[in-house]
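To keep things clear, I will list the structure first and then write my remarks on it.
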Amino acid sequence: MMASWQVWCLVVIPCFVLASEKTFEEVKNCRPPSINEEKELFYFISQKSIIVPCTATGTPNIKYNWFKDGKPVNVENGGDRWSLIPGVGSLRINNPVDSDSGIYQCQATNECGVSLSNFITLLHAKMDPFPPVDVAKVLTQQKGHNLKLVCKPPNSVPKATVRWILANPSNEVVYNDENADTAFNYVPLSQRVTMDYEGNLHITSVNEDDEQNGKLYVCVAENGPTRSIVKGEDKQVKAMGREVSEMAVNIIWTSDNNTLVLEGGKARFKCIFSGEPLPVISWTKVTGHLDKNRISVENHEMIINDVKFVDAGEYECMGKNKLFPEPVRRKFTLRVQAAPKWESNPQDLVVGVDETATVNCGVTGDPAPTVKWFINGRPYEDLAPNPKRSLNDNIMTFSELDKDDSQVIQCNASNIHGYIWSDIYLYVEAQAPLIERPPVDKIAAEHQTVTVTCHVSGKPKPKVIWYKGGQLLEGSHFTILDTGDLVIQNTSTKNSGRYKCIAENKFGLVEAEADVIIREKTKIVNAPMDTEVDFPNTATFTCGATTDPKETVSFRWLKDGVEIKADEHVKISDGTLEINSTKSKDSGIYTCVAYNSLDNATAQAELKVKAVPDPPYNVTLEDCDANKAKVRWTFDEKMRNFVNMIKFIVEYTTEYKPGVWKTATSIPHPALDADIHLSPYVKYKFRVKAVNAMGISEPSLPTGGWCSTPLGVPDKNPDGVTTDEQETGFLVVKWNAMDEMDHNGPEFRYQVEVQGPDDKQFVVHEVRDSKATEIKIPVTDVYKPYQIRVKAVNQVGISMAIPETITGFSGEAAPLVVPENFELDPDVNVTATSAGFRWDPVDTSPNVIRGKFSGYKIQFWKSGQKETTLHAHIIHAEPASGRRRRDGKVRGVVANLPSFSQIEAEVVVINKNFQSNGSNMVNFTTPEGVPGPVSFLVALVRGSHHFLLQWGRPTEENGQITGYQLSYTKIDAVDRLDMSDRFVAFENIGPEVERLTLKGLSPHSQYRIYLQAKTAMGLGKEYFIDVWTTSNTTRLVMPVVVDASPGENEANITWQVTAEKGSRHGKYYYMEYKKKTAKDWVRHKEPVEGDHWGMLKHLEPGTQYMVRIVAASTATDDGDYLASDPFHFVTAGVGAAKANFLTAAWFIGMMVAIAILILILIIVCIIKRNRGDNYPVQEKERLRGTYNDDNPDHFNGFGKGDDNGLQGSNSFDRDAEKVPLDEDTDSLDYGDDDASKFNEDGSFIGQYGRGEKGNEGTNASSIV
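Residue numbers (my numbering): -16 to 1247.
Next comes the structure, spelled out in structure tokens:
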């Protein structure tokens, strides 16, 4: 509701008086001001500046003024606190104080008028603190009773948001506005814990969880504008009592029972019920229908969104539990009214001189609003009468306007719920005529409507006339639009000619011309025909047309008015439309459009595709009660797709398994609703499928909101109850876990009741895990019967269904008896894989079997390999099977023994889960058998005509492998095997062979290759692979030389071929080589097949060579070839150039001369040494150790020599202790330790090694 001073403020705003005399140009350029709309509520914080926006448009320049609470604001004298933002009228308030709060209004004026803004409310945002509290208040309550935690929020502007948080007793509450939703540990709200609209927290049924491990309940108030939070009194909750008390339903708080809500707003009602078990709460509308599409119900609250007048009426909440089956009720009344609202928003007006203008301020609201008018800010009733102006039923009309009648009109509509304000400018212009879009030449077809443009502007609005040639255009065949354009209807060839447009008002006249040409129209001469097809057959339409000789006709197609684009589904060729694999959505009206650059012609045909129906739509939930829902949907006749309808299928999904849909019911056609039975404590959504004679439609969209049902006891008990006797000392009871949908309430659990042989009544065991499927109950007996039943229980109570009682058994144990006299059956021959056994039967009574007797188990293994080769064969207990003969023995035959092996065997007694100790052991040997399959078979290399195959020996040889047999057959194009065409390629492959090449195959063909191992007993189990040969056009894989091991006259070359997807391998490999300086390659005459190495021979020693490997598809020259990159190596030994050097004549002569000189020198040395032997005293002195040999001139420099001319002693004393340490160096040097004379494999290279001691000249230099 607008305050009286708000109306008064408009009265006191002065009206700016316009000048009475202005030139034409002055008026033309004057536009009244118009203020842009802004929000109407602002908050400020103390000492923090705020800007209240105000911007306006208009010419000439605008002057801004402000009013606060109806009084002018003296901005110019406001000092530093008040100022206007330059260029606009926004008001800046620095360091605002509480007295700055109020209602503000902006005024924009110029020479043409006065514009006023909406009222803008400015408030001081602040919040008081809670009263201080030193000690937390402890609240105690009995379990099952309700408890209220009071919060009295402080004064706050705006009103504070109240929440409850949990805090540790020692922690301060710290507010983090950046992430407010996660800044605190908020108290989780539920049906049991909720808040009322006053901020108080209600615990409807107290239990131990409410103690929150000693944490404090704290009420906090949040103020958004100030970004602040304050906390109230700390409270601690203590739950009293051992058990939760059952309590009847009671209402402990409700919202106002008489509520007024404005149209479009949100209505909220709340009933907080207490009780234990928790009450089942429901809402109804007492008077009228409850629109559940706009209503949400959660826990104790019902909210109506987007309130409408039809929502007015009486509502009721109801709560009940098993202690109070009669609902507790509370009624509410909802009244709906409306704030003022414009019927259509008033718009700014721009008119010309002498014209009329109308301002409509029609308004709706409840109560009916009052409308007040203002002109240039002055109340209408204060203005002098004006014959140009009239007001009637909220419509103000201005007539015979002059150029100085520009002004601003305001209207204010208000009722008790508020006001709306509109500021409209009236702009009167004076403008000479102007053709903004002159006519242009037009070409059109017959029977068309042609528009010749002549957009005219001017104030007042110019009068427009048209001429064709010199003739004025009149009559119904021609129409002149308000814009000035000429419309020629139903054209013909006689309308061709030159047209002139003339526009005139009191300020001038303008004209323009253009030509119009009319041609023959396009016509359909072969129209498409209606067609009906069955899904998914092809539908075809054809269409033919003629057109003007100067035009070219083309075709396009529409379906239900939308153009069709060609794709895989639709093909368009000239006038033919072909629809392949039709489906229901292809049904419709197809239009052939024959067109040219001027016009088009159309013809239609209908396509009916018989198919499964389209899915229903508008699926809504009409009612959702405790155990029943009504679902309604819409299904149009056309949606059956021309096939007779049968029924509708209603499906549901639940919040427990969203997206998993199950059938709820089927309803015969033509019903459009269904009643669905619901389970308690489930949230449902529904969808519908349609069924006709051709099948089932796609599902509809699901219903919008969840349909929630109240709590109830479980409808049934678990099924599949049985016992598991695997664990000794336990009674293990198992059952099938119940689906969440069958829980019917929270705190679901299982109650297992058992009664043993000695028990007088059932013993109850509780399993609280709703997903559990078993319980292990310790017992002291072995395999004893028990009576067992399992019940379903939830918060509401125990299922009313009668549970099935079964007889189960406690855990089994190992049998106490052992079979005796276990031996080979003399009546059964031992073969390579089988043997018969017999033994004495045992006592099968439960006391010694300690479980259910299940028979015997023969265990066997290879001698010494029990852990890895143990196998077993079960002999089931069959009293009438005839296993026993007259001798009373039990017999059994084992048929899966390993062949050619030493076997050990025993027999044990078995129950369902355990076995006894073993009997006496039997030893025997199985004869040789046929082998098992090879361990693997692979195609290492695939060529266009061959495979290089490799395999591994059989894992189960079952004897001595004597060889292998390889066969193959070709697989044709449709993956069929022709077994009659199976060909044995290799019948007797040696037992040591594990790789070979299969030749003679066809390119790009698939083969199945079989391999079987042999023993003396025959062929074993075959192993096969399917392999493709490569195409003979596929590129070969390039070989790569990886190593060359050279000798003197030969070299061992190794290469590899890397597998590449989509490529093929060569069948043959040729080695080509040449000297490094040679031009041509030399091919080694023999190709290599199956291996990746070869030997080059007839090479020269000490020579650099290059080698490459050529992959070939055939052994002849007409196949494919691919050579590797060259590989360099050097042969061992002395090269040819060095040999020539050593055999040259001049070199031989020189060496002979040197030899003669050395001989002469030796003779001289011998003579000189012999002279030294004439002094025996020298030798005696040496033997005594007194001989001094330090004189370098002694015996003319030969005193240190010996009879060999080598450095050593002349002494004849060979005592090991007297011989110099290096005496034996040369005497032991019989061999050559040069490592270069050996290959990597240790083989001797000989004279062609890389280094020889003879070349080092060791002995020769000593002699010299």
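Glycine included, every Cβ here is placed at the ideal spot set by N, Cα and C.
- If you look at Pro1029, you'll find it in the beta strand (DSSP E) that goes 1023 to 1029.
- Here the alpha carbon of Lys982 sits roughly 20 Å from the alpha carbon of Pro1022.
- Contact between the region 999 to 1006 and the region 966 to 979 is not established, with fewer than three Cβ pairs separated by less than 8 Å.
- Annotated three-state conformation of Gly780 is coil, per DSSP.
- If you check the CB distance, Val269 and Lys303 do not come in under 8 Å.
- About 7 Å separates the Cβ atoms of Val891 and Tyr839, confirming a contact at the 8 Å cut-off.
- Measuring C-alpha to C-alpha distances from Leu273 to each of Leu306, Asp606, Trp356, Asn896 identifies Asp606 as the nearest.
- Around the beta carbon of Pro532, fewer than 16 other beta carbons lie within 10 angstroms, which makes this residue exposed.
- Ser564 and Trp616 have their C-alpha atoms roughly 30 Å apart.
- Taking each of Asp698, Gly1049, Ala1034 in turn and checking the Cα distance to Thr1017, the smallest one comes out for Gly1049.
- By the C-beta density criterion, Phe381 is buried, having at least 16 other C-beta atoms within 10 angstroms.
- Between the region 1028 to 1041 and the region 1078 to 1093, the count of C-beta pairs closer than 8 Å reaches three or more; the two stretches touch.
- Boundaries of the beta strand (DSSP E) harbouring Lys591: 583 to 593, taken from the DSSP string.
- Sixteen is the threshold: since fewer than 16 other Cβ atoms of the shown chains lie within 10 Å of the Cβ of Ala1098, the residue is exposed.
- The beta-carbon distance between Glu229 and Leu306, rounded to whole angstroms, is 6 Å. This is short enough to meet the 8 Å contact definition.
- If you keep only unbroken beta strand (DSSP E) runs of at least 3 residues inside the region 247 to 332, you get 250 to 259, 263 to 268, 278 to 281, 284 to 287, 296 to 304, 307 to 325.
- Pairwise C-beta distances place the region 773 to 792 out of contact with the region 845 to 857, as fewer than three of them are shorter than 8 Å.
- Inside the region 789 to 818, DSSP marks whole beta strand (DSSP E) runs of 3 or more residues at positions 789 to 792, from first to last along the chain.
- At a cut-off of 4 residues, not a single continuous stretch assigned as alpha helix (DSSP H) sits fully inside the region 393 to 420.
- Around the C-beta of Leu1142, fewer than 16 other C-beta atoms lie within 10 Å, and the residue is accordingly described as exposed.
- CA-to-CA, the gap between Phe713 and Ile832 works out to about 17 Å.
- Distances from the CA of Pro740 to each of Asp764, Ala755, Ile760, His748 were compared; the closest alpha carbon is that of Asp764.
- Distances from the alpha-carbon of Leu243 to those of Leu317, Gly1077, Ser479 put Leu317 closest.
- In this structure, the CA atom of Arg420 is about 41 Å from the CA atom of Asn395.
- Distance between Ser828 and Glu806, taken at the CA atoms: about 24 Å.
- Taken through DSSP and simplified to helix, strand or coil, Gly197 comes out as helix.
- Cβ-Cβ separation between Leu417 and Val493: approximately 7 Å, consistent with a contact (criterion under 8 Å).
- Annotated as proximal: Val35 and Ser73, with beta-carbon spacing under 8 Å.
- Leaving aside the five residues that flank Thr686 on each side, the residues in its chain whose CB is nearer than 8 Å to its CB run, in chain order, Val602, Thr603, Leu604, Val614, Lys668, Phe669, Arg670.
- By the beta-carbon neighbour count (other beta carbons within 10 angstroms, threshold 16), Val80 is exposed.
- Annotated three-state conformation of Arg751 is coil, per DSSP.
- From the listed residues Asp387, Ile403, Asn343, the smallest Cα separation to Leu374 is found for Asn343.
- Nearest in C-alpha terms to Leu130, of all of Leu99, Asn151, Met178, Pro115, is Met178.
- Pairing Ile18 with Ile76 gives a Cβ-Cβ distance that is not under 8 Å.
- Contact between Ala522 and Ala577 is absent: CB atoms are separated by about 20 Å, not below the 8 Å threshold.
- Non-local beta-carbon contacts of Asp349 in its own chain, meaning distances under 6 Å to residues more than five positions away in sequence, involve Gln320, Ala321 in chain order.
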